[in-house]
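Residue numbers for the sequence shown, in the working numbering: 836 to 1064. C-beta: ideal position from N, C-alpha, C; glycine also. Here the structure is a predicted model, which is why all the values come from computation and not from measurement. Structure first, commentary second.
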Amino acid sequence: KLFLSVSKIIDEKPESLQTRYEKGRMGRYRAVMIAEDIGKDAAIRLEELSDSLSGLFIKTKPVRTYPYKSSAAHITGYVGAIGPEEFSKTKGLGYKRTDRMGRAGLELAYDSYLRGEHGAAQFEVDSKGRLIRVLSIKERTQGKLMELTLDAEIQKVASEAMGQNQGALVAMELERGGLLALVSKPDYDPNIFVQSKKSQSTIRHVLADKHRPLINRVLSGEYPPGSTF
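Written out as structure tokens, the structure reads:
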């Protein structure tokens, strides 16, 4: 009943929801995420039904956003869902099945530094999942901040100047060697990997692109130098 009722609201097959539940089970009293990124309207409708659907919880969570979009994609990188094999290899490192981890750029290189640590809470609930009392709470630890030498305006101008010409561009401070801009073309918008449910066709297009926009040509490409001054 639960899977069927939820599937009608979020427009997914009940079999898919049940499969996710069975794959994600780790114990009788541990919650399993069966759907994410369902949208505000669907969340409100499900919240209204939660009293009649035993065991259903709606939870909001923070998500990554990349305000500079494609212009800084090869610097920031992006985060992605953890696969079953990866999860088994990261046991003991504080990851949950529903977490996302760094896949490229700074997100990959500094994943453990940026992600923080999970909190935890124990609740006593009735047969319909309604809260009776809080047993214990452990506050989560926020991820650390990172300050870069990059200049957002220079990065934007450099990205626009490159257009969609394939290649790489780097701007550095002469005295200290700090990186002011790093542009690799073609590029991509890292936000598509955060909103993966809504962006599947775009992701497939990026992955299939023969020009390979995911490659950071500054670090991985081999080119004769252009204008160096």
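In the DSSP assignment, the residues bridged to R968 are E959. Under the DSSP assignment, L1042 falls in the alpha helix (DSSP H) whose first and last residues are Q1035 to A1043. For the 7 Å CB-CB criterion, G940 and G912 form a contact.
CA-to-CA, the gap between K848 and S842 works out to about 6 Å.
The distance from the Cβ of R935 to that of I917 is about 7 Å, consistent with a contact at the 8 Å cut-off. In this structure T1037 touches I1027 by the C-beta definition: roughly 5 Å separates them, less than 8 Å. With fewer than 16 other CB atoms across the displayed protein chains lying within 10 angstroms of its CB, F892 is exposed. In the DSSP assignment, M1007 is bridged to L1014.
Within a 10 Å sphere around the beta-carbon of L1017 sit 16 or more other beta-carbons, which makes this residue buried. The residues K904, S905 and A908, in chain order, have a CB closer than 7 Å to that of D1024 in the same chain once the five nearest residues on each side in sequence are set aside. In this structure, the alpha-carbon of K979 lies about 42 Å from that of K836. The alpha-carbon of E942 is positioned some 40 Å away from that of D961. Close CB contacts of L1015 within its chain, under the 8 Å cut and outside five residues either way in sequence, are with T984, L985, D986, I989, Q990, A1006, M1007 and E1008 (chain order). Going by DSSP, G890 is part of no beta strand (DSSP E) at all; its letter is neither H nor E. Here DSSP, grouped into helix, strand and coil, assigns M936 to strand. In the three-state DSSP reduction, A916 falls in the strand class (E or B).
Secondary structure of E882 (DSSP, three-state): helix. If you draw a straight line from the Cα of L966 to the Cα of T895, it comes to about 17 Å. By the neighbour-count criterion, in which 16 or more other beta carbons inside 10 Å mark a residue as buried, V969 falls on the exposed side. Under a 10 Å Cβ-count criterion, Y901 is classified as buried, with 16 or more other Cβ atoms of the shown protein chains found around its own Cβ. Taking all protein chains shown into account, V914 has 16 or more neighbouring C-beta atoms within 10 Å of its C-beta and is therefore buried.
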